[in-house]
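In my numbering, the protein residues as written are 148 to 409. Below is one structure, written out as structure tokens; comments come after it.
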């Protein structure tokens with residue numbers, strides 16, 4: 148099994164596990180008990196507050212709130228950190244030159260205090276925002292998310308497109324796994340780096356054509372059934388105690404931001 152095959156197989160496996168994960172949303176946790184519509188509005192309001200903050204101590208406080216929500220929702224902080232780590236790491240690489248480009252008092256060599264504060268604030272801002280989005284996805288079933296967006300007035304066409312995209316991504320990576328397994332089953336000996344890369348290019352080209360054809364078949368089937376509009380289904384939207392606690396927490400954060408305490 149070549150490095151390319153192992154990489155494709157691992158990516159496909161991880162994405163499939165992420166898309167099909169339903170264990171965490173079924174746990175008896177705090178965010179799992181919050182109505183999806185309330186959760187969507189609350190978490191996005193918190194993200195807006197996060198983006199508007201310009202001091203790293205405030206970001207640290209919000210990061211502590213995120214950690215508390217994760218623990219209360221029975222989501223492992225370590226697992227959450229694993230999920231979001233790549234985005235803050237990438238943002239750190241992008242913004243790192245500001246450590247020396249922003250003028251200020253030197254801290255260590257060419258690194259200035261203003262540059263360090265800016266980079267720290269930026270990375271924490273990204274970390275908190277991505278963590279909140281990850282908590283939303285981790286604690287809410289996909290069907291409940293769609294129902295929440297519907298009740299918030301998101302156009303039905305947009306919700307339908309998201310649902311179809313989500314399902315097609317599952318099919319897409321399942322197909323990629325089958326293509327990789329088929330190639331491995333036909334490979335007896337190592338054919339050299341050059342031949343391996345040529346065969347990989349041919350395999351991926353064939354796979355993309357098959358994915359495109361499958362997408363066209365999905366569209367034709369949807370038209371044959373009368374369109375892509377999803378049928379509504381009943382859901383329990385009563386305002387619960389968990390909704391009240393969560394809404395109070397979010398309103399408090401927004402008010403604190405407005406009153407300058409954060």
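Glycine included, each C-beta is placed from N, C-alpha and C at the ideal position.
Answer with buried or exposed for residue i, where buried requires no fewer than 16 other C-beta atoms within 10 angstroms of its C-beta.
i	result
residue 274	buried
residue 430	Residue 430 cannot be examined here, being either before or after the span of the chain that is shown, 148 to 409.
residue 352	exposed
residue 285	buried
residue 359	exposed
residue 348	exposed
residue 293	buried
Between residue i and the ligand ZN, is there a pair consisting of the residue's CB and a ligand heavy atom that are separated by less than 7 angstroms?
i	result
residue 281	Among the components modelled here there is no ligand, and therefore nothing to report on the ligand ZN.
Roughly how many angstroms separate the alpha carbons of residue i and residue j, rounded to a whole number?
i	j	result
residue 404	residue 265	19 angstroms
residue 390	residue 295	13 angstroms
residue 409	residue 212	Note that residue 409 scores a pLDDT of 48, beneath 50, so its modelled location is shaky and nothing firm can be said.
residue 323	residue 388	44 angstroms
residue 224	residue 371	46 angstroms
residue 219	residue 276	18 angstroms
residue 315	residue 251	50 angstroms
If the criterion is Cβ atoms closer than 8 angstroms, does the pair residue i and residue j meet it?
i	j	result
residue 406	residue 189	no
residue 386	residue 186	no
residue 282	residue 217	yes
residue 317	residue 268	no
residue 183	residue 260	no
residue 246	residue 258	yes
residue 196	residue 400	yes
Considering residue i, what are the terminal residues of the alpha helix (DSSP H) in which it resides?
i	result
residue 254	Unbroken run through residue 254 is the beta strand (DSSP E), 253-255; no alpha helix (DSSP H).
residue 175	Segment: none, residue 175 is in no alpha helix (DSSP H) and carries neither H nor E.
Original post:
Taking three-plus beta-carbon pairs below 8 angstroms as touching, is the region 361-371 in contact with the region 172-186?
Top reply: no
Original post:
Counting Cβ pairs closer than 8 angstroms, one from the region 306-315 and one from the region 230-244, do we hit at least three?
Top reply: no
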